[in-house]
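Asks: Below you'll find the structure I mean.
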């Protein structure tokens, strides 16, 4: 794996491709690039010289005739392009390369191309030239006068047009300050040496600190502590940009207090901040800013904040980290009685990384457009006006960073009769193409890609074409490559699959009541429509074996990653709000399950508790949950989430009405995998399942308790009466309701450890402030900010390069590095092995077996363990969870077993199916790609009682959803978090 690094500021487009072997010099598109030669002089970057050097290397090996061949000429041109692309990738707007950096890339490109003899010749040439230079330098030193030998070349920097000597003492002090508290793990001398090596006489002063940042981050693969060092060096440049001068960390406590009122004024004058923020006691809140918390960040987290969250005026940032957190906190406290006290309370849990609000809240809190909610769920009506109203609503809601979930089931199917025109409908798909293009066009205010997920029920007559929307073949007019899709599956379909029964597809224009029915009521109505088909009364339909449609669902899921598998009945039967409506879909990331209809758009605002911050050491050296701290954090966080409902900017009135009436929120968790590492518990273990159970029980218990206390203070939500809450039925109690409606087929552990009777009594007395309280969202971005594993995800890889809108970042498993260092196993060879084996320890025999088990990566954990952990969480959750399924060695049987197990264990939804690319799998195993083998004889992940035959393989032909954290688009659902 190539461990590349990102630019300090947000990257722009790489220059367009052309023939890099052409000598553009300083007159072409390479005019903004320079080369530092070994003597310190700076010359223009000329890619043509790279081609010449490569050609000479081929000449040395192949002779003149061989090097002149068309193949070699073409190869040299290709390799030169790769070298230039690798160089400019991290300096897209121009910059300076050291000659050694260029030669390193040439060497790498030759080796990767398989030209090992040429690469060897090139390496030997470099070594010979290095020896010659060293000998020449030694001879010159011996003959030089003593006074001259003592003289070192003086570097100068340029700042605001003024040339001055580089202050090496200050540079050293800055770099050493960045390493305070980390000297056990890092070498500041290496950073200083590399920083200076990349400088030249007359370098702009800003480039000095960029060089320091790049030098530090290049060491991250050696130890994760370098990520913190890099973040602190970046922080130094941010402080200079915001405050207008270089300021040391030691001075920041005073400077924060002085600057904060200025920030508020600048933000208001710049048309960014709500003028109401100026009504706070700014001196009081400024005194609460804790400058030391700036030192918590890793590089990925701080760079992400700088690029995408910090407010700026005409391109210049006006926020620093603690200012940012206080701005968010003040925005959430605008309607509190003691605003300052609440703002400081909110700031404390945000800035300490105990809890993090979702991305829309962080973007917009305290601003003039306070769109703080994350998710919007809509139902599309079956008429042209309603369809285009829904598309318009999508655009308005997406503009300010809302993620969208659309229920399209009511729209009539292809060939259905249109009474108004006496014609035939074109079905759902043509409209979904418009939805797809709208999501692309309205890209969340230019901050990130628009995102929407469309849901369709499994009985809809257009379901087969719906399954193919994300295919890369077929009619492009009926494909939606930028939109997510999900199956909304009733229990009756799963029963028919297990029983190997028939399934009938209908148009909703012929059976509109199926859309609003679930459980036994749905089953009775559905069987009634099948009787109408049998009698000839209903003409538009299609019958097929249920297993055939199930196969196609799984095949498309494997091939394209869509549509996701979600279950209608558990979402409704276990919904606290079933007395006032129906859950017709989930959201963009499958964790929100709220009612929608033609007059109500469901809204949910999110935030997540950092479980890592709520672990405490035990007497035996392990860790356990700190229940007292969880209670405090969750209580404050629930207040913050409830405040969002009243402060939020609503682009659509139907969303406002729904949100104020039901007041749902979605608190989630993140850092689950980190906690397992702290406790020395493998993900694939019964102990992990138990921790999933106990940790979710604790968070849910405190969230429901806090909502009840808010009801006592602020009043119950409007539609409370008749809810499951009002009837004394808590989420875990509703499992029995699901089992009764299904007639079995629900196998869920129902154990508990907390005093739920006390909570029932409290809710009976006080009611609830929020119709829904818990939902586990992906936390794709906010977990990056605070430096923990995303939500409930297993470790993707122990060493990899992560790509997002801020660039590329080397990510190393800190827990693993510490363990290997204790054993004396963390060295350059281990780093190389991890790169070669894609971050997996499984093939590195010198690592102890217990560590290989503890640090098993996502594709090494059987998916049944993920499902079992999710089942224990779902017991307590009043909404759902974003559950990615990671599967190596995907087979029809394995897919069948896994998703039936999810249904049987009572899960409401699942999210992406992540599989492994064939090339990656083969390199990881070294024995023919077993991890990616697609074979009829796949091993079952868990036993599921089923009368259905084993799925044959021919339909499962892709290697879809091989996206991983290092790929663009992997984190598209950060729209939620």
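In our numbering, the protein residues as written are 2 to 978.
Ideal placement from N, C-alpha and C gives every residue a C-beta, glycine not left out.
Residue 408 by DSSP, collapsed to three states: which one?
Replies: On the chain shown, residue 408 is found 407 positions in, with the first residue counted as 1. Correct three-state label for residue 408: strand.
Asks: Using CA atoms only, rank isn't needed, just tell me which of 118, 356, 364 and 98 is closest to residue 320.
Replies: As a position in the chain shown, residue 320 is number 319, starting the count at 1. Ranking the options by Cα distance to residue 320, first place goes to 364.
Asks: Among residues of its own chain, excluding the 5 on either side of residue 228, which ones have a beta-carbon nearer than 6 Å to its beta-carbon?
Replies: Stepping through the chain shown from its first residue, residue 228 is reached at position 227. Closer than 6 Å at the Cβ level, and outside the excluded window around residue 228, lie 221, 299 and 300.
Asks: Could you tell me which residues DSSP pairs with residue 357 in its beta bridges?
Replies: Within the chain shown, residue 357 is the residue found at index 356, counting from 1. For residue 357, which the question treats as bridged, DSSP gives the partners 609.
Asks: In this structure, how does DSSP classify residue 603 when only helix, strand and coil are distinguished?
Replies: On the chain shown, residue 603 is found 602 positions in, with the first residue counted as 1. The answer is strand: DSSP assigns residue 603 an E or B state.
Asks: Determine the extent of the alpha helix (DSSP H) in which residue 31 is found, giving its start and end residues.
Replies: Translated into the one-based positions of the chain shown, residue 31 becomes position 30. No alpha helix (DSSP H) contains residue 31, which DSSP labels as neither H nor E.
Asks: Going by beta carbon distance, what residues of the same chain come within less than 7 Å of residue 280, once the five residues before and after it are set aside?
Replies: Position 279 of the chain shown, counted from the first residue, corresponds to residue 280. Answer for residue 280: no residue qualifies.
Asks: In whole angstroms, what is the alpha-carbon distance linking residue 103 and residue 50?
Replies: Here residue 103 corresponds to residue number 102 of the chain shown, with the count starting at 1. Here residue 50 corresponds to residue number 49 of the chain shown, with the count starting at 1. Near 11 Å, if we compare the C-alpha coordinates of residue 50 and residue 103.
Asks: Out of curiosity, what's the CA-to-CA distance linking residue 362 and residue 677?
Replies: Counting from one through the chain shown, the residue named residue 362 turns up at place 361. Counting from one through the chain shown, the residue named residue 677 turns up at place 676. Approximately 29 Å, taken between the alpha carbons.
Asks: Spell out the partners DSSP gives residue 544 in its beta bridges.
Replies: Working through the chain shown from its first residue, we reach residue 544 at position 543. DSSP output for residue 544 lists 505 as bridge partner(s).
Asks: Enumerated in chain order, which unbroken segments of the alpha helix (DSSP H) with a length of 4 residues or greater are wholly contained in the stretch 641 to 689?
Replies: Entirely contained in the stretch 641 to 689, the alpha helix (DSSP H) runs reaching 4 residues are, in chain order, 654 to 663 and 673 to 680.
Asks: Under a Cβ-count criterion, where at least 16 other Cβ atoms within 10 Å of its own Cβ denotes burial, should residue 891 be classed as buried or exposed?
Replies: For this step, residue 891 is matched to residue 890 along the chain shown. With 16 or more Cβ atoms within 10 Å of its Cβ, residue 891 is classed as buried.
Asks: Just the Cα atoms here: how many angstroms apart are residue 248 and residue 798?
Replies: In the chain shown, counting from the first residue as 1, residue 248 sits at position 247. In the chain shown, counting from the first residue as 1, residue 798 sits at position 797. Approximately 37 Å, taken between the alpha carbons.
Asks: Just tell me which of 332, 650, 664 and 852 has its CA closest to the CA of residue 372.
Replies: Locating residue 372 in the chain shown gives position 371, counting from the first residue. That would be 650, whose Cα lies nearest to the Cα of residue 372.
Asks: Note down, in chain order, each residue of its chain lying with its Cβ closer than 6 Å to the Cβ of residue 844, except the 5 sequence neighbours on either side.
Replies: Along the chain shown, one-based indexing puts residue 844 at 843. Closer than 6 Å at Cβ, skipping near neighbours: 838.
Asks: I'd like the ranges of any beta strand (DSSP E) spanning at least 3 consecutive residues and lying wholly in the stretch 805 to 832.
Replies: For the stretch 805 to 832, whole beta strand (DSSP E) runs of length 3 or above, ordered along the chain, are 808 to 813.
Asks: Buried or exposed: residue 420, going by 16 or more other Cβ atoms within 10 Å of its Cβ?
Replies: Sequence index remark: in the chain shown, residue 420 carries index 419 (1-based). Counting Cβ neighbours within 10 Å, residue 420 comes out exposed, since fewer than 16 surround it.
Asks: In the structure shown, what three-state DSSP assignment does residue 97 receive?
Replies: Locating residue 97 in the chain shown gives position 96, where the first residue counts as 1. Three-state result, residue 97: strand.
Asks: Count the other CB atoms, across all protein chains shown, that sit within 10 Å of the CB of residue 389; report buried if there are 16 or more and exposed otherwise.
Replies: Along the chain shown, read from residue 1 onward, the residue named residue 389 stands at position 388. Flag for residue 389 reads exposed.
Asks: Alpha carbon to alpha carbon, how far is residue 827 from residue 720? Give it in angstroms, no decimals.
Replies: Against the chain shown, residue 720 aligns to sequence position 719. Against the chain shown, residue 827 aligns to sequence position 826. Going by the C-alpha atoms only, they are around 58 Å apart.
Asks: Specify, as a first and last residue, the run of the alpha helix (DSSP H) that residue 486 falls within.
Replies: On the chain shown, residue 486 is found 485 positions in, with the first residue counted as 1. Here residue 486 belongs to no alpha helix (DSSP H); instead the beta strand (DSSP E) covers 485 to 490.
Asks: Use the C-beta contact count for residue 100: other C-beta atoms within 10 angstroms, 16 or more gives buried, fewer gives exposed.
Replies: Along the chain shown, one-based indexing puts residue 100 at 99. Its Cβ having fewer than 16 others within 10 Å, residue 100 is exposed.
Asks: If you draw a straight line from the C-alpha of residue 745 to the C-alpha of residue 778, how long is it?
Replies: Indexing the chain shown from 1 puts residue 745 at position 744. Indexing the chain shown from 1 puts residue 778 at position 777. Taking the straight line joining both Cα atoms gives about 29 Å.
Asks: Which residues mark the beginning and the end of the beta strand (DSSP E) in which residue 568 is found?
Replies: Here the question's residue 568 lines up with position 567 in the chain shown. Looking at the DSSP string, the run of the beta strand (DSSP E) that includes residue 568 is 565 to 568.
Asks: Residue 309 to residue 316, Cα distance in whole Å?
Replies: Along the chain shown, read from residue 1 onward, the residue named residue 309 stands at position 308. Along the chain shown, read from residue 1 onward, the residue named residue 316 stands at position 315. Residue 309 and residue 316: Cα-Cα distance of roughly 12 Å.
Asks: So within the stretch 171 to 220, which uninterrupted alpha helix (DSSP H) runs reach at least 4 residues, ignoring any that extend past its ends?
Replies: Taking only runs of at least 4 residues, the alpha helix (DSSP H) segments lying wholly in the stretch 171 to 220 are 189 to 198 and 206 to 218.
Asks: If you run the structure through DSSP and keep just helix, strand and coil, what is residue 802?
Replies: As a first step, residue 802 must be located in the chain shown, where it is residue number 801. In this structure, residue 802 counts as strand in the three-state DSSP scheme.
Asks: By DSSP, does residue 370 sit in helix, in strand, or in coil?
Replies: What you label residue 370 is simply residue 369 of the chain shown in a count that begins at 1. In this structure, residue 370 counts as coil in the three-state DSSP scheme.
Asks: Please state whether DSSP places residue 236 in a helix, a strand or coil.
Replies: Position 235 of the chain shown, counted from the first residue, corresponds to residue 236. Correct three-state label for residue 236: helix.
Asks: Taking the alpha-carbon positions, what's the residue 524 to residue 507 distance?
Replies: To locate residue 524, count along the chain shown from 1; it is residue 523. To locate residue 507, count along the chain shown from 1; it is residue 506. Whole-angstrom Cα-Cα distance: 14 Å.
Asks: Please list, in chain order, all residues of the same chain as residue 912 whose beta carbon is under 7 Å from its beta carbon, the five residues on each side excluded.
Replies: Within the chain shown, residue 912 is the residue found at index 911, counting from 1. Closer than 7 Å at Cβ, skipping near neighbours: 565, 590, 591, 883, 884 and 885.
Asks: Using the beta-carbon count (16 or more within 10 Å), is residue 411 buried or exposed?
Replies: The residue labelled residue 411 in the question sits at position 410 within the chain shown. Classification for residue 411: buried.
Asks: Skipping 5 residues on each side, what residues in its chain have a beta carbon closer than 6 Å to that of residue 26?
Replies: As a working mapping, residue 26 is identified with position 25 in the chain shown. For residue 26, the predicted model reports a pLDDT of 42, less than 50, meaning its position is unreliable and no value from the coordinates is stated.
Asks: Could you check what DSSP says for residue 260 in three-state terms: helix, strand or coil?
Replies: Locating residue 260 in the chain shown gives position 259, counting from the first residue. Of the three classes helix, strand and coil, the one that applies to residue 260 here is helix, per DSSP.
Asks: With residue 45 as the anchor, note down where its beta strand (DSSP E) starts and where it stops.
Replies: The residue given as residue 45 occupies position 44 in the chain shown. Note, residue 45: beta strand (DSSP E), 43 to 45.
Asks: Quick check on this structure: which residue in 214, 196, 33 and 218 has the alpha carbon closest to the alpha carbon of residue 810?
Replies: Within the chain shown, residue 810 is the residue found at index 809, counting from 1. Checked all of 214, 196, 33 and 218; the closest Cα to residue 810 is 218.
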